[in-house]
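Numbering (mature numbering (1 follows the signal peptide of the UniProt record, and there is no 0)), first residue to last: -26 to -1, 1 to 219. A virtual CB, placed ideally from N, CA and C, is assigned to each residue, including glycine. Since the structure is predicted, the reported quantities are computational estimates derived from the model, not experimental observations. Taking it in order: structure first as structure tokens, then the write-up.
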């Protein structure tokens, strides 16, 4: 007779593995992949659409990069809670509140959309998964007159070894955040695709870990950025300053 504990453990493991295989896709969509809120406008908006055949409730809010709910932010989503019928849409306004944010650079926030599927009464044993979509929201002071694309040529790139590990470093004197679509290091007919998860912060520097220290006299970097509309800029090639270890 099989050991009962072993049988139960096997069943639990199978259930967990089955749950892990359930595909999780957001049913609701947002009209843009990033939001730019300028300080001279009281509000901006996005459209949340429900292309599915089910009714969804949704909650919208704005928070910081730390993803906490305790830090006060000077932006509020309205309506904060709403319901969308199948094939329906809902406009969500992002309203600016009085604030003392820096006026010489952008400030980063995040727009959050939590979808809440409605439980079907006949599906007593169904599993309901609530998914959240989180996109970047850039608060841009009206005092900034230049265009992000025109500031790309101010980025200064270098490679330096820090504690024996090579890093690509970008110094960004501009007031903008830059999200890179690609970073490709070229040297001696070799290429390295650099991880682009980290943004270049305004008036600061950002490091990107490299697999190796590039060599040769003609080391260049090819990059592009994600623009305000979620598209990709034209590729830019920049020389690199390399500091030997």
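**Prompt:** In whole angstroms, what separates the C-alpha of residue 168 from that of residue 37?
**Reply:** Numbered from 1 along the chain shown, position 194 holds the residue referred to as residue 168. Numbered from 1 along the chain shown, position 63 holds the residue referred to as residue 37. C-alpha separation (whole angstroms): 29 Å.
Exercise for review: Return yes when the Cβ of residue 157 is within less than 9 Å of the Cβ of residue 182, no when it is not.
Suggested key: Your numbering for residue 182 matches position 208 in the chain shown. Your numbering for residue 157 matches position 183 in the chain shown. Contact: yes.
Along the chain, where does the beta strand (DSSP E) that runs through residue 34 open and close?
Taking the first residue of the chain shown as position 1, residue 34 is located at position 60. Where residue 34 is concerned, the enclosing beta strand (DSSP E) stretches over 30 to 37.
Can you name the residues that DSSP bridges to residue 145?
In the chain shown, residue 145 corresponds to position 171, counting from 1. Per DSSP, 130 and 179.
Taking 6 Å as the limit between beta carbons, can you name the residues of its chain near residue 108, skipping five residues before and five after? In the chain shown, the residue the question calls residue 108 occupies position 134. The answer, listed in chain order, is 84 and 86.
Pair within 9 Å by beta-carbon distance, residue 155 and residue 139: The residue you call residue 155 lines up with position 181 of the chain shown. The residue you call residue 139 lines up with position 165 of the chain shown. Result no, Cβ atoms of residue 155 and residue 139 do not sit closer than 9 Å.
Beta-carbon contacts of residue 30 that lie in its chain and below 8 Å, excluding the five residues immediately before and after:
Within the chain shown, residue 30 is the residue found at index 56, counting from 1. Excluding sequence neighbours, residue 30 sits near 1, 2, 24, 57, 58, 89, 90, 91 and 92.
*Is it buried or exposed for residue 21, if we count other Cβ within 10 angstroms and need 16 for buried?*
The residue labelled residue 21 in the question sits at position 47 within the chain shown. Result: exposed.
inquiry  = Rounding to the nearest angstrom, what Cα-Cα distance links residue 14 and residue 76 in this structure?
reply    = On the chain shown, residue 14 is found 40 positions in, with the first residue counted as 1. On the chain shown, residue 76 is found 102 positions in, with the first residue counted as 1. One Cα belongs to residue 14, the other to residue 76, and the distance between them is close to 14 Å.
**Prompt:** Using the beta-carbon count (16 or more within 10 Å), is residue 162 buried or exposed?
**Reply:** By 1-based counting over the chain shown, the position of residue 162 is 188. Looking at its Cβ environment, which holds fewer than 16 other Cβ atoms inside 10 Å, residue 162 is exposed.
Q.
Going by C-alpha to C-alpha distance, which of 113, 10 and 143 sits closest to residue 214?
A. Position 240 of the chain shown, counted from the first residue, corresponds to residue 214. Closest by alpha carbon: 143.
Quiz item: Exposed or buried, which one is residue 126 when buried takes at least 16 other CB atoms within 10 Å?
Solution: Indexing the chain shown from 1 puts residue 126 at position 152. Buried, since its Cβ has 16 or more Cβ neighbours within 10 Å.
| query | How long is the line joining the alpha carbons of residue 120 and residue 27, rounded to whole angstroms? | reply | By one-based count along the chain shown, residue 120 stands at place 146. By one-based count along the chain shown, residue 27 stands at place 53. About 45 Å.
Quiz item: Given residue 207, which residues of its chain have a CB within under 7 Å of its CB, disregarding the five upstream and five downstream residues?
Solution: Translated into the one-based positions of the chain shown, residue 207 becomes position 233. Taken in chain order, the residues that qualify are 123, 198, 199 and 201.
Practice item. Identify every residue that forms a DSSP beta bridge with residue 21. Key: Position 47 of the chain shown holds residue 21. The beta-bridge partner set that DSSP reports for residue 21 consists of 65.
- Using three-state DSSP, classify residue 60 as helix, strand or coil. Position 86 of the chain shown, counting from 1, holds the residue named residue 60. Of the three classes helix, strand and coil, the one that applies to residue 60 here is coil, per DSSP.
- Could you tell me which residues DSSP pairs with residue 211 in its beta bridges? What you label residue 211 is simply residue 237 of the chain shown in a count that begins at 1. BP columns for residue 211 point to 196.
Handout entry: Near the ligand COA: residue 131 beta-carbon under 8 Å from a heavy atom
Key = Summarising the ligand content, the structure contains no ligands, and the ligand COA is consequently not present.
Q) Between 204, 209 and 134, which lies nearest to residue 185 when the distance is taken from Cα to Cα? A) In the chain shown, residue 185 corresponds to position 211, counting from 1. Closest by alpha carbon: 134.
Point to revise | Rounded separation between residue 78 and residue 117 - CA only | key: Position 104 of the chain shown, counted from the start, is the residue given in the question as residue 78. Position 143 of the chain shown, counted from the start, is the residue given in the question as residue 117. When only Cα atoms are considered, residue 78 and residue 117 end up about 7 Å apart.
**Message:** To the nearest angstrom, how far is the alpha carbon of residue 17 from that of residue 180?
**Reply:** Here residue 17 refers to the residue found at position 43 when the chain shown is read from its first residue. Here residue 180 refers to the residue found at position 206 when the chain shown is read from its first residue. If I take the Cα positions, the gap works out to 31 Å.
Just to confirm, are residue 216 and residue 132 a CB contact at a threshold of 9 Å?
Numbered from 1 along the chain shown, position 242 holds the residue referred to as residue 216. Numbered from 1 along the chain shown, position 158 holds the residue referred to as residue 132. In contact: residue 216 and residue 132 (Cβ atoms closer than 9 Å).
(request) On the DSSP bridge assignment, give the partners of residue 161 in chain order. (result) Locating residue 161 in the chain shown gives position 187, where the first residue counts as 1. DSSP lists 164 as partners of residue 161.
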